[in-house]
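In full-length UniProt numbering, the protein residues as written are 1 to 383.
Backbone N, C-alpha and C fix where the C-beta goes; we use that ideal spot for every residue, glycine too.
To start, the structure under review is shown below, and the notes come after it.
What follows is the structure, given as structure tokens:
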């Protein structure tokens, strides 16, 4: 069935391509002015309108993906960069991988080759697991060979760089929101054309332009990482030697939408004022004060919440664990007190028709004493 879907998608794309080429060729060859006007309208009106809708969709996707990507990048970089010795004991992990590898080897030696109920070969599963363990062990051994300078300085510098870029991004968004509220900054639309080389769009000149480029690339990286980290879109993540043509087309569409919306995002958040070659500042909805201000506020709040959630995760888990232990301890204490109170109440207030053991014993002693006294009295009378 997957092949059928792939064939249908390819046929639809091919039909659209052939139709578009035929229509353009007919408009160029035909000498009628209406055909040429229609072709000009497509270039000047319909394509900008289509791009406006696509950029709006991409900007909304970036609003969700980029804050998630900011927080996710710390985890991804922590997995790629070799951590210092006090944060990660590579020798212990290598020993663990070796022990697991030896265990799997023993299972393969003594495993009876048979097929289990679901039809899969258990020996094949063990072999696949053994291959994964061996690959992990090789990676750990490669990371162990990294120099001490790179191991001790690489990870802290990378974390500081990510934290600095994220902090600067949030500060730029906050500054842009305040300037929009106070009226100190114009909306990112209707800018007049600027001649290259005549005036600088950045206050710091080439250094500021280079910093803006780095910041925009950082936004692009965070948006891609955040997109593939979302539960809904994680299934689109390409896999090595296991990616269908449908997934490839879907990933290409996603990357094109995100990359086309990135200039609009940069202008809406106040990161840059440069319009590039696509006239991104001429989109109509960029002139709406409510949309731009709301977008800046949502982006800043979402980024702050994602970062707070990321850095306070371990603390919150420990607090929840301690509160749960205290609640369970208090609940056990309350239950034991209720049981003890019920037992004391039953002993102090016996039910009708029953006597307590103590009362029965006292009654027996009194009765025997009376009988003894009566016996003594009778004996005296006989004498």
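Taking the C-alpha atoms as reference points, what is the distance between residue i and residue j?
| i | j | result |
| --- | --- | --- |
| residue 199 | residue 321 | Residue placement at residue 199 cannot be trusted, given a pLDDT of 49 that sits under 50; the coordinates are not used to answer. |
| residue 218 | residue 240 | 25 Å |
| residue 291 | residue 285 | 8 Å |
| residue 246 | residue 72 | 26 Å |
| residue 442 | residue 266 | Summary: the structure shown does not reach residue 442, with the chain confined to residues 1 through 383, and so no result is reported for it. |
| residue 133 | residue 141 | 12 Å |
| residue 15 | residue 26 | 16 Å |
| residue 181 | residue 288 | 13 Å |
| residue 98 | residue 283 | 59 Å |
| residue 302 | residue 226 | 13 Å |
| residue 213 | residue 236 | 28 Å |
| residue 46 | residue 18 | 19 Å |
| residue 6 | residue 205 | 49 Å |
| residue 171 | residue 106 | 57 Å |
| residue 248 | residue 325 | 49 Å |
| residue 158 | residue 207 | 21 Å |
| residue 144 | residue 103 | 23 Å |
| residue 30 | residue 60 | 41 Å |
| residue 38 | residue 22 | 14 Å |
| residue 269 | residue 79 | 30 Å |
| residue 12 | residue 3 | 14 Å |
| residue 129 | residue 305 | 38 Å |
| residue 124 | residue 137 | 20 Å |
| residue 293 | residue 185 | 12 Å |
| residue 139 | residue 76 | 16 Å |
| residue 211 | residue 154 | 21 Å |
| residue 273 | residue 312 | 35 Å |
| residue 160 | residue 318 | 25 Å |
| residue 81 | residue 156 | 10 Å |
| residue 315 | residue 44 | 55 Å |
| residue 20 | residue 42 | 11 Å |
| residue 309 | residue 40 | 51 Å |
| residue 330 | residue 100 | 42 Å |
| residue 48 | residue 8 | 28 Å |
| residue 50 | residue 152 | 50 Å |
| residue 10 | residue 243 | 16 Å |
| residue 1 | residue 224 | 29 Å |
| residue 221 | residue 209 | 18 Å |
Three-state secondary structure (DSSP) at residue i?
| i | result |
| --- | --- |
| residue 171 | helix |
| residue 361 | Per-residue confidence for residue 361 stands at a pLDDT of 43, beneath the threshold of 50, marking its modelled position as unreliable; no derived number is given. |
| residue 1 | coil |
| residue 64 | helix |
| residue 287 | helix |
| residue 30 | coil |
| residue 273 | coil |
| residue 233 | coil |
| residue 312 | coil |
| residue 157 | helix |
| residue 238 | coil |
| residue 20 | helix |
| residue 185 | coil |
| residue 133 | helix |
| residue 384 | Outside the displayed span of the chain (1 to 383) sits residue 384, for which this structure offers no information. |
| residue 13 | helix |
Between residue i and chain D, is any beta-carbon pair separated by less than 9 Å?
| i | result |
| --- | --- |
| residue 307 | Going by chain labels, chain D is absent from the structure shown, which holds only one protein chain. |
Just to confirm the assignment, what range does the alpha helix (DSSP H) spanning residue i have?
| i | result |
| --- | --- |
| residue 228 | 206 to 229 |
| residue 264 | 245 to 268 |
Thinking residue i and residue j are a contact (beta carbons under 8 Å), I'd like their distance in whole angstroms, please.
| i | j | result |
| --- | --- | --- |
| residue 260 | residue 69 | Not quite, the Cβ-Cβ distance comes to about 18 Å (not below 8 Å), so this is no contact. |
| residue 299 | residue 162 | That belief does not hold up - the Cβ atoms of residue 299 and residue 162 are roughly 18 Å apart, past 8 Å. |
| residue 262 | residue 166 | Their Cβ separation, rounded to whole angstroms, is 17 Å, which puts residue 262 and residue 166 out of contact at 8 Å. |
| residue 215 | residue 271 | 6 Å |
| residue 108 | residue 127 | 7 Å |
- Query: Does the region 172 to 182 touch the region 90 to 103, meaning 3 or more C-beta pairs lie closer than 8 Å?
  - Reply: Verdict: no, contact absent.
- Just checking, does the region 50 to 65 make contact with the region 227 to 238 on the three C-beta pairs under 8 Å criterion? Counting Cβ pairs under 8 Å, three or more are found: they touch.
- Message: With three or more beta-carbon pairs closer than 8 Å as the criterion, would you say the region 43 to 59 touches the region 248 to 266?
- Response: The region 43 to 59, when compared against the region 248 to 266, does touch it at the 8 Å Cβ threshold.
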